[in-house]
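Visitor: If you're matching positions, the sequence shown starts at 87 in my numbering and goes up one per residue. Here a beta-carbon is modelled for each residue, glycine too, at the ideal position from N, C-alpha and C. The structure displayed is predicted, hence computed values, not measured ones. I have a structure here, written as structure tokens, and I will follow up with some questions on it.
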Amino acid sequence: MNRKPFDAAVIGGGLAGWIAAIELARAGRSVVLLEQSDRMGGRARTADKNGVLLNLGGHALYRSGELHALLREWGVPFEGGPPSSKMSAIWSNRVFPMPASPIQLLASRLLSWTGKGELVRLLLKLGRTDTDMPENASLRDWAEKEVRDPMVRHIFYALCRIATYTQDPDRQLAGPVLRQVRRSLKDGVLYLNGGWQTIVDRLEKMGAAAGVHARCGKAVSAIEQTNGAVSRVVCTDGEAFELAHVISTLPPADTCRLVSNAEHTSLYRWKKEARPSMAACLDLGLKQLHGPVRDIAIGLDQPVFFSNHSAGAKLSKHGTIVVHLVKYNGPGESDPRADERLLEQTMSLLHPGWEQEVAVRQYLPNMPVVHDYMHLGRTDRFPGPAVPDIQGLYVAGDWAGHGEMLADAAAASARRAAQRVLAELDRPRAEPVCADETPEGQRPYEISKGGA
Numbered sequence: 087m088n089r090k091p092f093d094a095a096v097i098g099g100g101l102a103g104w105i106a107a108i109e110l111a112r113a114g115r116s117v118v119l120l121e122q123s124d125r126m127g128g129r130a131r132t133a134d135k136n137g138v139l140l141n142l143g144g145h146a147l148y149r150s151g152e153l154h155a156l157l158r159e160w161g162v163p164f165e166g167g168p169p170s171s172k173m174s175a176i177w178s179n180r181v182f183p184m185p186a187s188p189i190q191l192l193a194s195r196l197l198s199w200t201g202k203g204e205l206v207r208l209l210l211k212l213g214r215t216d217t218d219m220p221e222n223a224s225l226r227d228w229a230e231k232e233v234r235d236p237m238v239r240h241i242f243y244a245l246c247r248i249a250t251y252t253q254d255p256d257r258q259l260a261g262p263v264l265r266q267v268r269r270s271l272k273d274g275v276l277y278l279n280g281g282w283q284t285i286v287d288r289l290e291k292m293g294a295a296a297g298v299h300a301r302c303g304k305a306v307s308a309i310e311q312t313n314g315a316v317s318r319v320v321c322t323d324g325e326a327f328e329l330a331h332v333i334s335t336l337p338p339a340d341t342c343r344l345v346s347n348a349e350h351t352s353l354y355r356w357k358k359e360a361r362p363s364m365a366a367c368l369d370l371g372l373k374q375l376h377g378p379v380r381d382i383a384i385g386l387d388q389p390v391f392f393s394n395h396s397a398g399a400k401l402s403k404h405g406t407i408v409v410h411l412v413k414y415n416g417p418g419e420s421d422p423r424a425d426e427r428l429l430e431q432t433m434s435l436l437h438p439g440w441e442q443e444v445a446v447r448q449y450l451p452n453m454p455v456v457h458d459y460m461h462l463g464r465t466d467r468f469p470g471p472a473v474p475d476i477q478g479l480y481v482a483g484d485w486a487g488h489g490e491m492l493a494d495a496a497a498a499s500a501r502r503a504a505q506r507v508l509a510e511l512d513r514p515r516a517e518p519v520c521a522d523e524t525p526e527g528q529r530p531y532e533i534s535k536g537g538a
């Protein structure tokens, strides 16, 4: 049994876990962070392969996102650059310049004159700050109604895929996707020097300075309750922590598994309704790139994306070029061998002869991008931070966004969860925080009034 009492436990040592733990510790609360693997970071880890730095799948820091703002607020240093502006489109196994300027648009062979006009109107529409975006329509319903030209519609769907990292237009809610596309087009993203591990390492250092008690190799086997309230956390090695507040940053299915009789709670509903977004990712370290300068390529008739990350960030200690290819898979679409062949064929189409230049290679056939996203059929549009049926249990992670997406959802949900714990800790024991109550200054995200 743990003899030193903690105010709270955070389960998971990824971005959401560290942000929640730091928020609690900086407020003067004692917190233990439990990570089951032998290394912190979760999917934000970066592998160092002979001096070549490879992230776990596609990663980009949105300049107008919640994570970027938090890092600035906390003074966490990061360095990097934007992706290259040299963009191409892949259609019918051919490569076309992607219209990125008025002159390129006029010269594009992808679009008819009617299509060029419609694309301009669509981009202007996406750039406006609309307050009446559809909240209950699918992305496909919106696109079929608003975009008439078939090729413009293909371009639109491709922009939605690369902005949300998700391929599910029949179920994705249009409003959140449109806001994410607007965020991408307006302010852009950064690729990080040294990969996302640099952010994890700096958060870990900040957490240690704030007093977070971090434990690697510490898998949790149960979150126990007494009279409907959290009472302790038990680890697989038998160690237990007596405490009344837990933030789980695990996927909904994993958190559900830790709670007995979870089938009678919101956790079970969140698990059953979750639609994970999965991708096949091929990352390469190349001695050089052959052929025309094609740093970004967007598949229009295939859900693929190529990016030369080294054009925007330093990811090698000796000049090796790091490129990333991804195939976004809809629910149940994964075929690891076929997906790998498609990514290799995409690479050959863009940069013939790449096989002779490979220094390192990493293929991730079923990489979780997010564990859930806002979609039709989801009972709770905004899950968490509190688990309404279990006092003292909170959730955070990329799946628990209140309109935010990807790493921004992880950051925002972590802060929401930590603030709720702090509010409960500051209340007299006779006044527990109600499930639907939000601390002062932490207004719920109002998705009908603007961006994430």
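According to DSSP, simplified to helix, strand and coil, what is H376?
Guide: Your numbering for residue 376 matches position 290 in the sequence shown. Three-state result, H376: coil.
Visitor: Decide if the segment 412 to 420 is in contact with the segment 460 to 469; the criterion is three or more beta carbon pairs, one per stretch, under 8 Å apart.
Guide: Taking 8 Å as the limit for Cβ pairs, the verdict is that the segment 460 to 469 does not touch the segment 412 to 420.
Visitor: Whole angstroms is fine: what's the gap from A366's alpha carbon to G143's?
Guide: On the sequence shown, residue 366 is found 280 positions in, with the first residue counted as 1. On the sequence shown, residue 143 is found 57 positions in, with the first residue counted as 1. Spanning the two alpha carbons is a distance of roughly 8 Å.
Visitor: 8 Å is my cut-off, CB to CB: does S334 come that close to chain D?
Guide: In the displayed structure, chain D is absent; only one protein chain is listed.
Visitor: Between the Cα of Q122 and the Cα atoms of L336, E419, R501 and E310, which residue gives the shortest distance?
Guide: Here the question's residue 122 lines up with position 36 in the sequence shown. Looking at the Cα atoms, L336 is the closest of the given residues.
Visitor: Would you mind giving the Cβ-Cβ distance between D484 and V446, rounded to the nearest angstrom? I have them listed as a contact below 8 Å.
Guide: Here residue 484 is taken as the residue at index 398 of the sequence shown, counted from 1. Here residue 446 is taken as the residue at index 360 of the sequence shown, counted from 1. Not quite, the Cβ-Cβ distance comes to about 27 Å (not below 8 Å), so this is no contact.
Visitor: What is the rounded straight-line gap between the Cα of A235 and the Cα of L386?
Guide: As a first step, residue 235 must be located in the sequence shown, where it is residue number 149. As a first step, residue 386 must be located in the sequence shown, where it is residue number 300. Note that residue 235 is Asp in the sequence shown, not Ala. Using only the alpha carbons, I get a separation of about 14 Å.
Visitor: Tell me whether R467 sits in a helix, a strand or coil according to DSSP, three-state version.
Guide: By one-based count along the sequence shown, residue 467 stands at place 381. Here R467 sits in coil by DSSP.
Visitor: Whose C-beta lies closer than 6 Å to the C-beta of Q266 among residues of the same chain, with five residues either side of it excluded?
Guide: Here residue 266 refers to the residue found at position 180 of the sequence shown. For Q266, where only same-chain residues beyond five positions count, the Cβ hits under 6 Å are A249, T250 and M491.
Visitor: What do you reckon, are the CB atoms on I97 and V286 nearer than 8 Å?
Guide: Locating residue 97 in the sequence shown gives position 11, counting from the first residue. Locating residue 286 in the sequence shown gives position 200, counting from the first residue. Not in contact: I97 and V286 (Cβ atoms no closer than 8 Å).
Visitor: Are the CB atoms of L375 and G281 within a distance shorter than 8 Å?
Guide: The residue you call residue 281 lines up with position 195 of the sequence shown. The residue you call residue 375 lines up with position 289 of the sequence shown. Contact flag unset, no.
Visitor: Just list the residues that DSSP pairs R180 with in beta bridges.
Guide: By one-based count along the sequence shown, residue 180 stands at place 94. Paired residue(s): W177.
Visitor: Please report the straight-line C-alpha distance between L101 and R343, rounded to a whole angstrom.
Guide: Counted from its first residue, the sequence shown places residue 101 at position 15. Counted from its first residue, the sequence shown places residue 343 at position 257. Approximately 22 Å between the Cα atoms of the pair.
Visitor: Return the chain-ordered list of same chain residues with a C-beta closer than 8 Å to the C-beta of K58, the five sequence neighbours on each side being excluded.
Guide: Here the chain covers residues 87 to 538 and nothing more, so residue 58 does not appear.
Visitor: With a cut-off of 8 Å, do at least 3 Cβ pairs link the segment 504 to 514 to the segment 162 to 181?
Guide: No, the segment 504 to 514 does not touch the segment 162 to 181.
Visitor: Label R380 either buried or exposed according to how many other C-beta atoms from any shown protein chain fall within 10 Å of its C-beta, with 16 as the threshold for buried.
Guide: Numbered from its first residue, the sequence shown carries residue 380 at position 294. Buried is the call here.
Visitor: Quick check on the burial criterion: 16 or more other C-beta atoms within 10 angstroms. Buried or exposed for R125?
Guide: By one-based count along the sequence shown, residue 125 stands at place 39. Flag for R125 reads exposed.
Visitor: Cβ atoms of L436 and F392: under 8 Å apart, would you say?
Guide: Translated into positions along the sequence shown, residue 392 becomes position 306. Translated into positions along the sequence shown, residue 436 becomes position 350. It is a contact, given that the beta carbons lie within the stated cut-off.
Visitor: Work out the CA separation of V320 and R268 for me, nearest whole Å.
Guide: Taking the sequence shown and counting its residues from 1, one reaches residue 268 at position 182. Taking the sequence shown and counting its residues from 1, one reaches residue 320 at position 234. Using only the alpha carbons, I get a separation of about 44 Å.
Visitor: Under three-state DSSP, which class holds S402?
Guide: For the purposes of this step, residue 402 is identified with residue 316 of the sequence shown, where counting begins at 1. Residue state, collapsed to three classes: strand.
Visitor: Is Q442 buried or exposed, if buried means 16 or more other CB atoms sit within 10 Å of its CB?
Guide: Within the sequence shown, the letter at position 356 stands for residue 442. Exposed: under 16 other Cβ atoms inside 10 Å.
Visitor: Please classify N179: is it buried, with 16 or more other beta-carbons within 10 angstroms of its beta-carbon, or exposed?
Guide: As a working mapping, residue 179 is identified with position 93 in the sequence shown. The residue is exposed, with fewer than 16 neighbouring Cβ atoms inside 10 Å.
Visitor: I need the boundaries of the beta strand (DSSP E) containing M453, first residue and last residue.
Guide: For the purposes of this step, residue 453 is identified with residue 367 of the sequence shown, where counting begins at 1. Run containing M453: V444 to V456, per the beta strand (DSSP E) assignment.
Visitor: Exposed or buried, W104, counting other C-beta atoms within 10 Å across all chains shown (16 or more means buried)?
Guide: As a working mapping, residue 104 is identified with position 18 in the sequence shown. Label assigned to W104: buried.
Visitor: Would you report the Cα separation of G114 and G293, rounded to the nearest angstrom?
Guide: In the sequence shown, the residue the question calls residue 114 occupies position 28. In the sequence shown, the residue the question calls residue 293 occupies position 207. Computed Cα separation, rounded: 12 Å.
Visitor: Is it true that the CB of E426 sits closer than 8 Å to the CB of P454?
Guide: Start at 1 with the first residue of the sequence shown, and residue 454 comes out as number 368. Start at 1 with the first residue of the sequence shown, and residue 426 comes out as number 340. Not a contact, by the Cβ cut-off of 8 Å.
Visitor: Given S47, which residues of its chain have a CB within under 8 Å of its CB, disregarding the five upstream and five downstream residues?
Guide: Because the chain here runs from 87 to 538, residue 47 falls outside it and cannot be looked at.
Visitor: If we call anything under 8 Å between Cβ atoms a contact, is A95 one with L329?
Guide: As a working note, residue 95 is residue 9 in the sequence shown. As a working note, residue 329 is residue 243 in the sequence shown. The answer is yes: Cβ separation under 8 Å.
Visitor: So is G99 buried or exposed if we call it buried at 16+ other beta carbons inside 10 Å?
Guide: Within the sequence shown, the letter at position 13 stands for residue 99. G99 should be labelled buried.
Visitor: Quick one, are the C-beta atoms of A383 and I241 less than 8 Å apart?
Guide: The sequence position of residue 383 within the sequence shown is 297, counting from 1. The sequence position of residue 241 within the sequence shown is 155, counting from 1. Taking 8 Å as the Cβ cut-off, A383 and I241 do not qualify as a contacting pair.
Visitor: Nearest by alpha-carbon distance to A130: which of R288, K231, R226 and E204 is it?
Guide: On the sequence shown, residue 130 is found 44 positions in, with the first residue counted as 1. Closest by alpha carbon: R288.
Visitor: DSSP state of T322, grouped into three classes?
Guide: One-based indexing of the sequence shown puts residue 322 at position 236. Of the three classes helix, strand and coil, the one that applies to T322 here is coil, per DSSP.
Visitor: Decide if S171 is buried, meaning its Cβ has at least 16 other Cβ atoms within 10 Å, or exposed.
Guide: By 1-based counting over the sequence shown, the position of residue 171 is 85. Exposed is the call here.
Visitor: Just to confirm the assignment, what range does the alpha helix (DSSP H) spanning S352 have?
Guide: For the purposes of this step, residue 352 is taken as residue 266 along the sequence shown, with counting starting at 1. Segment S352 to E359, the alpha helix (DSSP H) holding S352.
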